[in-house]
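Note sheet for the following structure.
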Amino acid sequence: MAEPFPVSDEEFSLVIAISVFTHVYKEQATYYLSEIARILAPHGVALASWFFFDRKRFPFLRDGPFCLFTDELSHTSCHL
Numbered sequence: 002m003a004e005p006f007p008v009s010d011e012e013f014s015l016v017i018a019i020s021v022f023t024h025v026y027k028e029q030a031t032y033y034l035s036e037i038a039r040i041l042a043p044h045g046v047a048l049a050s051w052f053f054f055d056r057k058r059f060p061f062l063r064d065g066p067f068c069l070f071t072d073e074l075s076h077t078s079c080h081l
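Just so it is clear: in the sequence shown, position 27 is 28 by this note's numbering, and no numbers are missing.
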């Protein structure tokens, strides 16, 4: 499902991804973070944000990996 960014290596000095990784699975986030590293120029900067849930404050969350989608094929519903 993950595809490489259609740009050359070390092409950008800045990459911004605000709350992007909140909405993808761990494997996808890992892949796209490696893509960001690939396209960043030497001394380039990546600015990214996402949030994590503290299980003490959200005890109703199930154990194991999760994201904000019901499943990988149905991205129309955003819930845990």
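We put the beta carbon where it would ideally sit given N, CA and C, even for glycine.
No experiment lies behind these values; they were computed from the predicted model shown.
Compute the Euclidean distance between the alpha carbons of Leu48 and Ala18, then round it to the nearest angstrom. The alpha-carbon separation between Leu48 and Ala18 amounts to approximately 6 Å.
Where Phe6 falls, given that 16 or more other Cβ within 10 Å makes a residue buried: Phe6 comes out exposed.
Check the C-beta distance from Val16 over to Ile40 and give it rounded, since I have them as a contact under 8 Å. Their Cβ separation, rounded to whole angstroms, is 7 Å, which keeps Val16 and Ile40 in contact under 8 Å.
What residue does the beta strand (DSSP E) around Ser14 start on, and which one ends it? Segment Phe13 to Ile19, the beta strand (DSSP E) holding Ser14.
Leaving aside the five residues before and after Lys57 along the sequence, list all residues of the same chain whose C-beta is less than 6 Å from its C-beta, in chain order. No residues qualify anywhere along the chain.
Using 8 Å for Cβ pairs, my map puts Phe52 next to Thr31. What's the rounded Cβ distance? About 17 Å separates the two Cβ atoms, so there is no contact after all.
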